[in-house]
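Numbering (our numbering), first residue to last: 611 to 813. Cβ atoms here follow ideal geometry from the backbone N, Cα and C, with glycine treated the same way. Predicted model only: the values in this text are computed from it and were never measured. For reference, the structure is listed below as structure tokens.
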Ligand code: HEM
Ligand code: HEM
């Protein structure tokens, strides 16, 4: 991993943590989820564009699942699955007014990544099978399940959209908390790839 040294706190270095693929994935996901959400809730009553945004999310999440196994270190799931001990220890000190310098997703960030990916899988799966009984916007796989099931899927799809909203608000809230309270900018690393991290790199 490439590093550069400038005036940094002791034991901290600047390293390329987020690879280009992961960063492109993140910002494309933001665009597609926000567009899909808004089109679903406020878009035209014929939801073709909403479906396209949904298919894009399916593609992006599929890419991320593969990248989680074959991507570089910080992108790999196995490197941000933390045990309860590490997570509780991190939580105990989360209020400290100093940057975490975590070399990847910290234990709380990791939980939020898994929650966001899970709810997006739920949302796209329910969308594919949803039949809201409006005779226009029928998910492409709804014909393979019973009518009742397809209508349940539409209801679950609606609830999933609320869960996405809650998780994204929490996600952005956490990033603001890191910036304002802990004086740690997480956004710039998600743009440039470079992050200030502990030199020892222990998770
Ligand atoms: C629909 C909106 C959003 C979704 C679905 C979303 C989803 C995600 C996901 C899945 C990750 C994990 C990246 C990975 O390892 O694959 C992540 C990380 C991150 N996101 Fe978002 N995000 C959203 C909006 C935003 C916005 C608006 C910002 C900036 C203000 C942001 C900043 C970040 C940052 C900084 C990280 C890295 C956190 C860390 O250092 O652990 N996200 N986001
Ligand atoms: C992350 C991706 C997605 C998000 C954020 C999302 C979000 C939404 C939202 C907010 C609504 C409006 C719910 C309401 O107000 O009742 C909606 C409706 C709908 N979506 Fe999605 N959706 C996604 C993916 C998909 C996919 C992949 C499909 C199928 C190809 C799909 C099919 C539908 C259908 C058929 C409706 C109408 C359901 C109804 O009116 O009750 N969605 N979606």
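Residue 804 bridges to which residues according to DSSP? Residue mapping note: residue 804 aligns to position 194 of the chain shown, counting from 1. Its beta-bridge partners are 626.
How about residue 621 and residue 809: are their beta carbons less than 7 Å apart? On the chain shown, residue 621 is found 11 positions in, with the first residue counted as 1. On the chain shown, residue 809 is found 199 positions in, with the first residue counted as 1. In contact: residue 621 and residue 809 (Cβ atoms closer than 7 Å).
From residue 792 to residue 711, what does the alpha carbon distance come to, in whole angstroms? Counting from one through the chain shown, the residue named residue 792 turns up at place 182. Counting from one through the chain shown, the residue named residue 711 turns up at place 101. Computed Cα separation, rounded: 10 Å.
Beta-carbon separation (whole angstroms), residue 647 vs residue 774, contact threshold 8 Å: Position 37 of the chain shown holds residue 647. Position 164 of the chain shown holds residue 774. About 7 Å separates the beta carbons of residue 647 and residue 774, which is inside the 8 Å limit, making them a contact pair.
Flag residue 674 as yes when its Cβ comes closer than 6 Å to any non-hydrogen atom of ligand 1, and as no otherwise. Translated into the one-based positions of the chain shown, residue 674 becomes position 64. The nearest non-hydrogen atom of ligand 1 is less than 6 Å from the C-beta of residue 674.
Could you give the C-beta distance for residue 635 and residue 675, rounded to a whole number, given that I count them as a contact under 8 Å? Residue mapping note: residue 635 aligns to position 25 of the chain shown, counting from 1. Residue mapping note: residue 675 aligns to position 65 of the chain shown, counting from 1. So it is not a contact: roughly 11 Å between Cβ atoms.
heavy atom of ligand 1 below 6 Å from residue 726 C-beta: Taking the first residue of the chain shown as position 1, residue 726 is located at position 116. Under cutoff, so the answer is yes.
According to the Cβ coordinates, are residue 626 and residue 803 closer than 7 Å? Position 16 of the chain shown, counting from 1, holds the residue named residue 626. Position 193 of the chain shown, counting from 1, holds the residue named residue 803. Yes, these two residues count as a Cβ contact at 7 Å.
Can residue 736 and residue 763 be called in contact, C-beta distance under 7 Å? Within the chain shown, numbered from 1, the residue matching residue 736 stands at position 126. Within the chain shown, numbered from 1, the residue matching residue 763 stands at position 153. Yes, these two residues count as a Cβ contact at 7 Å.
Which whole-angstrom value is the C-beta distance of residue 739 and residue 720, which I expect to be below 8 Å? Counting from 1 along the chain shown, the entry for residue 739 is found at position 129. Counting from 1 along the chain shown, the entry for residue 720 is found at position 110. Rounded, the Cβ-Cβ distance is 30 Å, inconsistent with contact.
At what residues does the alpha helix (DSSP H) containing residue 763 begin and finish? Counting from 1 along the chain shown, the entry for residue 763 is found at position 153. Counted as a single uninterrupted DSSP element, the alpha helix (DSSP H) harbouring residue 763 occupies residues 757-790.
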